[in-house]
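Here it is as structure tokens:
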């Protein structure tokens, strides 16, 4: 009688018999590489979170990513929903669509979110720096010397003029508040705001 062939499969031209030691070893290796249910759930939650963060951005920020139409539409819809339960369901749907993206698409989204995060952080730091300089210039005469040394190319004469005018406007507002209580709600005048803009432009020019 002809010998019955054992069932199995080939890997790189080598026949692996089902039930053999090598077959069991390969199955164990595949099982060890497969993510656990906990890992799968964590990844699903992470992708849903990334999708929601993407939705928080203006569409023109992520339009260039060329996302699948269904995902782009789902993000647009999520941005329009106000009902809590409907939002929850839509977020889950966004997460489901995110899981269908390949690794390169997900990495592109991560990179965009990181750029946006850094941009927001830098904007906040710049705002704080501008406000700190304005306060120093208005309160300390020596601050103008420090500014001129650090930013010699800025409009120094105009900055000095705005500092003097802003101080004058602040004193006038304070005097008006003392003589007419309740009228000093807007204590800072035009020069105070113009000084902020001029300092902002000077710092932006230096940064470039």
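Numbering (my numbering), first residue to last: 1 to 208.
For glycine and all other residues, C-beta sits at the position ideal for the given N, C-alpha and C.
query: Endpoints, the beta strand (DSSP E) within which residue 16 is located; result: 14 to 17
query: Neighbour-count burial assignment, residue 119, 16 or more Cβ in a 10 Å radius; result: exposed
query: Proximal residues to residue 233 (C-beta, below 8 Å), its chain only, five neighbours per side dropped; result: There is simply no residue 233 to check, as the chain begins at 1 and stops at 208 in what is shown.
query: Contact under 8 Å by Cβ, residue 91 with residue 78; result: yes
query: Under 8 Å between C-beta atoms of residue 106 and residue 54; result: no
query: Burial state of residue 186 (16 or more Cβ within 10 Å); result: With a pLDDT of only 46 at residue 186, under the threshold of 50, the placement of this residue in the model should not be trusted; the figure read from the coordinates follows. Answer is exposed; the Cβ neighbour count stays below 16.
query: Distance, residue 96 Cα to residue 20 Cα; result: 39 Å
query: Residue 44 - DSSP class collapsed to helix/strand/coil; result: helix
query: Per-residue burial, residue 191 [other beta carbons within 10 Å of its own, 16 or more giving buried]; result: buried
query: Where residue 1 sits in the DSSP three-state scheme; result: For residue 1, the predicted model reports a pLDDT of 47, less than 50, meaning its position is unreliable and no value from the coordinates is stated.
query: Environment of residue 48 [buried if 16+ CB atoms lie within 10 Å]; result: buried
query: 4 or more residues per run - each alpha helix (DSSP H) lying fully within the stretch 123 to 198; result: 143 to 150, 156 to 179
query: For residue 99, the three-state DSSP class (helix, strand or coil); result: coil
query: Sub-8 Å separation of residue 112 and residue 50 beta-carbons; result: no
query: Buried or exposed (CB count within 10 angstroms, at least 16 for buried), residue 122; result: exposed
query: Inter-residue spacing [alpha-carbon to alpha-carbon] between residue 26 and residue 18; result: 11 Å
query: Between the CA atoms of residue 162 and residue 195 - distance to the nearest angstrom; result: 6 Å
query: As assigned by DSSP and simplified to three states, the class of residue 81; result: coil
query: Residue 67 (DSSP reduced to helix, strand or coil); result: coil
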